[in-house]
Every structure is written in structure tokens, then in C-alpha cells.
Amino acid sequence: MDASVAVFDGLKMTGVDFVVSVPCINLKEIFPMIDDDPTMLHIPVTREEEGVGICAGAYMGGRIPAMLMQNSGLGNSINALASLNNLFQIPLLLIMSHRGCEGETICAQYPMGQMTPSLLDTLDIPYIVPTIDTVEDAIHYAWRIAIEKKRPVAVLLEIGFWEAE
């Protein structure tokens, strides 16, 4: 199974109709699928905190939003996630390419990669680490938790996830 197709299928199965993205090498194959789908609106942004705000507005407008990003951008979005989503109980589906974990070849990715789970814990953002075989259900489950807990939930796609292609 193709990892990008599996992620896209999970978004579709969940009913996501609004996607904000920040450039990421691992997620790049998903962006054209979203652009080609008439049921999804795709807004590329340059910074993650901008994406958090746009997704909050989309949710308030009745959309089911997801933000596709690399985990290194979590640091850029902490204030928006804490003072907007967590404070005002706004759900958000975060699909994160998790760089800097086992199998990483770029040393600059390690610091944020190692801190990602503890930063999510500190922000009280639940997260799921699926395999390629479970990612569709994991995305759907993550959105259900986001709605139930009224907060962001992250799906962390580790390096091994992409290598399973």
C-alpha cells in the first residue's frame, strides 16, 4: 500500500474537507491528491501558527479541518495551539511527518524529533503513531478524539511509516 494514498484515504474517510499544509518532503505526494479532490479545500501556508488560526476559523465555519505539517513546525505553533485551540476548545486534526526519530539521517532533525512527544504531552495534545496498515483508522479515530475532547489531536507519521511504501 502507498503511504501517501493511505493518509489521503484516511482524510477522506474522516470527512476532512479543509486542509492547511506547510511544505514537507514526506507529505508532498498528498498535496496534489487534495488539490484534485473537489470536496476538499487546500490552503498552503508558510508558517504553522498561521495554519492553526486558519483551521480554527474553518472549524467555526462548519468545516472539518486538518493541518499537514512536519513535526519541526510544532515549535512554531505552540502559542496558537495553547492560546487558541486549547483555550477555546477548538478541535484540530494534526497530521505530522515525524522527523528526527529512529532512521533519521539528518542530524538537525534530531532535537525537535526527540522533543515532539513531550511537547505534545505538555500541551495536552493526544497523539497516535500508526503503521501504514492502521493509518486510515488512526486518522478517523484521532478526529473522533479531537471532537470528544475539544482539542487538537496529532497523528505522528514516523520515518518507518514512509519507508513501508
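With the first letter of the sequence shown counted as 1, position 145 gets the number 145 in UniProt numbering; the numbers rise by one all the way through. By construction, the Cβ of each residue, glycine as well, lies at the ideal position given by its N, Cα and C atoms. Source: prediction; values computed, not measured.
Practice item. Determine the DSSP secondary structure at M69, reduced to helix, strand or coil. Key: strand
Practice item. Please check the pair A154 and P91, which I expect to be a contact at CB under 8 Å, by giving their CB distance rounded to whole angstroms. Key: Contact doesn't hold; Cβ gap of about 12 Å is too wide.
Check your understanding: Excluding sequence positions up to five away, which residues of its chain have a Cβ less than 6 Å from the Cβ of C24?
Key -> Q70 and S97
Practice item. Compare the beta carbon distance of D17 and I54 with 8 Å and say whether it is the shorter of the two. Key: no
Practice item. Kindly confirm or deny that the region 114–125 and the region 73–91 touch, where touching means at least three C-beta pairs closer than 8 Å. Key: yes
Point to revise | Local conformation of P44 per DSSP, three classes | key: strand
Practice item. Could you have a look at I125 and say whether DSSP puts it in helix, strand or coil? Key: coil
Check your understanding: On the three-state DSSP scale, how would you describe V52?
Key -> helix
Check your understanding: So, does the CB of K149 fall closer than 8 Å to a CB anywhere in chain C?
Key -> Within the model displayed, chain C is absent; a lone protein chain is all it includes.
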